[in-house]
Amino acid sequence: MAILPLRYHPDPVLHRKAKRVNNIDGPVQKLIDDMIETMHDASGVGLAAPQIGISLRLAVIEIPPPDSIGPIVLINPEIVSRTGEREVEEGCLSLPGFRGNIKRSVNVVVKAKDRYGKEFKVKSDGLLAEALEHELDHLNGILYIDHMKEGETPHKIEPVEDSRDGEED
Ligand code: NI
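Residue numbering for the sequence shown is 4 to 172, as defined by my numbering.
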């Protein structure tokens, strides 16, 4: 496994729609393992392939304790439904040191393939719902700053050392 270098806004790969994964082959399996390791190293709750410069519809999510969900591997994920609206303060590993307030859904249902090619559905709320919307956005070239109200900008945060309190995806 390897820790992969992250791409940062305004890298064009972050602003481009990613391509579907056609074959879940050996290189994709290695990529999944490397993405999980990279997410852990960066203390992120999620990572999408464009964030390491690979324009494929692939993302990983892991929700820290106490919920402790995942790692979930999402290949070619799609939103099945989303309901409700709530305000969240969001961060992103591709925009380090900043957070911004945006609207996200309350309940999100996503379907995807897992790393074995099996289709599954995940029903979510809370941080998992937020992470799912955030990572699926990455696959469509959308960053959370694209959801901010006109005239609003992300605010600077103090660096958080070796902690997942930042909840960056
Ligand atoms: Ni992100």
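Each residue gets a CB set at the ideal place from its N, CA and C atoms; glycine is no exception.
Using a Cβ-Cβ cutoff of less than 7 Å, which residues in the same chain neighbour residue 16 once the five nearest sequence positions on both sides are dropped? In the sequence shown, residue 16 corresponds to position 13, counting from 1. Close CB contacts of residue 16 within its chain, under the 7 Å cut and outside five residues either way in sequence, are with 10, 53, 56, 58 (chain order).
With respect to 6 Å, is the separation between the Cβ of residue 149 and the closest non-hydrogen atom of the ligand NI below this value? The sequence position of residue 149 within the sequence shown is 146, counting from 1. Exclusion of residue 149 from the 6 Å shell around the ligand NI follows from its C-beta lying no nearer than that to any non-hydrogen atom of the ligand.
Give the residues whose C-beta lies closer than 5 Å to at least one heavy atom of the ligand NI, in chain order. Taken from the N-terminal end onward, the list reads 95, 172.
What is the DSSP secondary structure of residue 20, reduced to helix, strand or coil? The residue you call residue 20 lines up with position 17 of the sequence shown. DSSP places residue 20 in coil when its eight states are reduced to three.
So, residue 120 versus residue 151, is the Cβ gap smaller than 7 Å? Reading the sequence shown from its first residue, position 117 is the one you call residue 120. Reading the sequence shown from its first residue, position 148 is the one you call residue 151. Cβ distance not < 7 Å, so residue 120 and residue 151 don't count as in contact.
Helix, strand or coil for residue 109? Go by DSSP, reduced to three states. The count along the sequence shown starts at 1 and reaches residue 109 at position 106. Looking at residue 109 - three-state DSSP - the assignment turns out to be coil, as it is neither helix nor strand.
Thinking C-beta only, is residue 131 closer than 7 Å to residue 66? In the sequence shown, residue 66 corresponds to position 63, counting from 1. In the sequence shown, residue 131 corresponds to position 128, counting from 1. Judged by beta-carbon spacing, residue 131 lies within the 7 Å limit of residue 66, meaning their Cβ atoms are closer than that value.
Check whether the Cβ atoms of residue 172 and residue 48 sit closer than 7 Å, and answer yes or no. Here the question's residue 172 lines up with position 169 in the sequence shown. Here the question's residue 48 lines up with position 45 in the sequence shown. Yes, they are a contact pair.
With distances taken from CA atoms, which of 156, 146, 161, 160 is nearest residue 14? As a position in the sequence shown, residue 14 is number 11, starting the count at 1. Each of 156, 146, 161, 160 was checked against the Cα of residue 14, and the nearest Cα belongs to 146.
Any contact between the stretch 82–94 and the stretch 107–123? By contact I mean 3 or more CB pairs, one from each, below 8 Å. Short answer: they touch.
DSSP three-state assignment for residue 34, whether helix, strand or coil: As a first step, residue 34 must be located in the sequence shown, where it is residue number 31. For residue 34, the three-state secondary structure derived from DSSP is helix.
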